[in-house]
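J.: Numbering (the numbering used here), first residue to last: 12 to 343.
Glycine residues also receive a C-beta, built at the ideal position from the N, C-alpha and C atoms.
Quick caveat: nothing in here was measured; it's all calculated off a predicted structure.
1. Within its chain, find whatever has a CB closer than 7 Å to the CB of residue 203; leave out the 5 residues flanking it on each side and keep chain order.
2. Judging by CA-CA distance, which residue of 246, 196, 222 is the nearest neighbour of residue 182?
3. Apart from the five residues on each side of it in sequence, which residues of its chain come closer than 8 Å, Cβ to Cβ, to residue 260?
4. Between the C-alpha atoms of residue 272 and residue 311, what's the straight-line distance to the nearest angstrom?
5. Is residue 172 near residue 236, with beta carbons less than 7 Å apart?
6. For residue 146, report the span of its alpha helix (DSSP H) as first-last.
7. Could you pull the start and end residues of the alpha helix (DSSP H) that residue 125 belongs to?
8. With a CB to CB cut of under 6 Å and the five nearest residues on each side skipped, what residues in its chain are close to residue 241?
9. Note down, in chain order, each residue of its chain lying with its Cβ closer than 6 Å to the Cβ of residue 198, except the 5 sequence neighbours on either side.
10. Leaving out five residues before and five after residue 122 in sequence, what residues of the same chain have Cβ atoms less than 7 Å from its Cβ?
11. Evaluate the contact criterion for the stretch 210-227 versus the stretch 284-296: three or more CB pairs, one atom per stretch, below 8 Å.
12. If residue 130 sits next to residue 144, beta carbons under 8 Å apart, how far is it from one beta carbon to the other, in whole angstroms?
13. Do residue 300 and residue 307 have their C-beta atoms closer together than 7 Å?
14. Measure the CB-CB distance between residue 344 and residue 254 and report whether it falls below 7 Å.
15. Can you look up residue 109 in the DSSP assignment and give me helix, strand or coil?
16. Mind checking residue 141: buried by the 16 CB within 10 Å criterion, or exposed?
17. Have a look at residue 161 and residue 133 and give me their C-alpha separation to the nearest angstrom.
18. Starting from residue 310, follow the alpha helix (DSSP H) in both directions and report where the run begins and ends.
19. Name the residue from 115, 103, 23, 139 whose alpha carbon lies nearest to the alpha carbon of residue 316.
20. Taking just the CA atoms, how far does residue 223 sit from residue 80?
21. Going by C-alpha to C-alpha distance, which of 285, 192, 278, 187 sits closest to residue 364?
22. Which class does residue 253 belong to by DSSP, given the choice of helix, strand or coil?
23. Can you tell me which of the three DSSP states residue 222 falls into?
24. Taking only the alpha-carbon atoms, compute the straight-line gap between residue 339 and residue 323 and give it to the nearest angstrom.
25. State the CB to CB distance for the pair residue 333 and residue 290, rounded to an integer number of angstroms; the pair is presumed to be in contact (CB under 8 Å).
26. Closest to residue 231 by CA distance: which of 249, 208, 244 is it?
27. Would you kindly work out how many angstroms separate the C-alpha atoms of residue 284 and residue 275, rounded to a whole number?
28. So the alpha helix (DSSP H) residue 211 belongs to, where does it begin and stop?
29. What does the alpha-carbon distance come out to for the pair residue 156 and residue 179?
30. Quick check for students: name the residue ranges of the beta strand (DSSP E) that lie wholly in the stretch 231-303, counting only runs of 3 or more.
31. Can you list, in chain order, the residues of its chain whose CB lies under 7 Å from that of residue 113, leaving out five sequence neighbours each side?
32. Specify the secondary structure class of residue 187 as computed by DSSP and reduced to three states.
33. Just to confirm, are residue 194 and residue 212 a CB contact at a threshold of 7 Å?
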């Protein structure tokens, strides 16, 4: 009985000593543990605050960049809006013709006189047909030829424009400044790309900013591709960014647009051929009748009623041709 009591007493004493030792260790180490926890919490708070500041800074920079890009686009659009109506001098420059307005007017007058004389000598001696032909020759044919020259020059420009952008991309990636890349294009690219970039380089030499030089280039080459290029350059000049990557993406877009243009042209070839046949059919029938039985058709230009009928028919034919042109002029 006494042994059992002694054993219980020893267990109680051991338990009390263990609890006391545990409490002593806790009291000794608790300041260090609480300090570590406080330090850890402090580090966590500082890290979270720093992350929030970085996120706010990045968000602010992104908003400022977007605002700068939007301002650049609006500025380019505002500068282009008053230039939507081109003068004759601007059209001559777009066609690559180094002639004055007076020279063009003289050539138009000569064209009208020659066509009127040819019609008077070969078709009719009355005044109505030669006057109409002279009007078309003086006010229609020269501008039609001018627009054709502009379209042909713009097509040649687009054929080499993507290659010119690739030159800039490779030059910028290799460490060349943008101005030197433009000078390389002006020296080594084929016309009219070289001529347009030569204008930009020459304007920079006299103090014109790069953004304004490309705005003038948009006037000489009013193409969406040139406008995209000018916008990319303008944004890069004002807001910064990876110019080579942006221009590489633009070059890819231009090549895809060219492929799409080829697909549209091949798919619309049948419609264009049908429109050409329908447009030439009345003139072909008139020529055949004139060669076989001239007396049946000469009444149209030898009498007043016939001449009026020809004028009305010509007006309706013009309307039909314009409608067919709109129908086959696919946008892409």
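T.: Reading it off the structure:
1. Here the set comprises 107, 164, 167, 168.
2. Nearest C-alpha to residue 182: 196.
3. The beta carbon of residue 260 sits closer than 8 Å to no other beta carbon from its chain once the five residues preceding and following it are set aside.
4. Pairing residue 272 with residue 311, the inter-Cα distance amounts to about 43 Å.
5. Cβ distance < 7 Å, so residue 172 and residue 236 count as in contact.
6. Per DSSP, the unbroken alpha helix (DSSP H) holding residue 146 starts and ends at 139-146.
7. Unbroken alpha helix (DSSP H) run through residue 125: 112-133.
8. Answer for residue 241: 225, 229, listed in chain order.
9. Apart from sequence neighbours up to five positions away, no residue of its chain approaches residue 198 with a beta-carbon distance below 6 Å.
10. Setting aside the 5 residues that flank it on each side, residue 122 is surrounded in the same chain by 148, 149, 152, 153, each with a C-beta closer than 7 Å to its C-beta; the list follows chain order.
11. The stretch 210-227, when compared against the stretch 284-296, does not touch it at the 8 Å Cβ threshold.
12. The beta-carbon distance between residue 130 and residue 144, rounded to whole angstroms, is 4 Å. This is short enough to meet the 8 Å contact definition.
13. Yes. Within cutoff.
14. Here the chain has residues from 12 to 343 only, and residue 344 is not among them.
15. Here residue 109 carries a coil assignment [DSSP, helix/strand/coil].
16. Around the beta-carbon of residue 141, 16 or more other beta-carbon atoms lie within 10 Å, marking it buried.
17. Approximately 33 Å between the Cα atoms of the pair.
18. Annotation for residue 310: the continuous alpha helix (DSSP H) segment containing it runs 310-313.
19. Taking only the C-alpha atoms, the option nearest residue 316 is 139.
20. Confidence at residue 80 is low in this model, with a pLDDT of 48, below 50, so its placement is unreliable and the value that follows should be read with caution. Using only the alpha carbons, I get a separation of about 16 Å.
21. Past the edges of the chain, shown from 12 to 343, lies residue 364, and the structure says nothing about it.
22. Secondary structure at residue 253: coil, using DSSP grouped into helix, strand and coil.
23. Residue state for residue 222 is assigned as helix, using DSSP reduced to three classes.
24. For residue 339 and residue 323, the distance between alpha carbons rounds to 25 Å.
25. The pair is not a contact, with the Cβ atoms about 11 Å apart (cut-off 8 Å).
26. Here the closest residue by C-alpha is 208.
27. The alpha-carbon of residue 284 is positioned some 14 Å away from that of residue 275.
28. Counting along the chain, residue 211 sits inside the alpha helix (DSSP H) bounded by residues 204-216.
29. Distance between the alpha carbons of residue 156 and residue 179: 34 Å.
30. Whole beta strand (DSSP E) segments, 3+ residues: zero.
31. Excluding residues within five positions, none has a Cβ falling inside 7 Å.
32. The three-state reading of DSSP puts residue 187 in coil, since its state is none of H, G, I, E or B.
33. Their beta carbons are under 7 Å apart, which means residue 194 touches residue 212 by this criterion.
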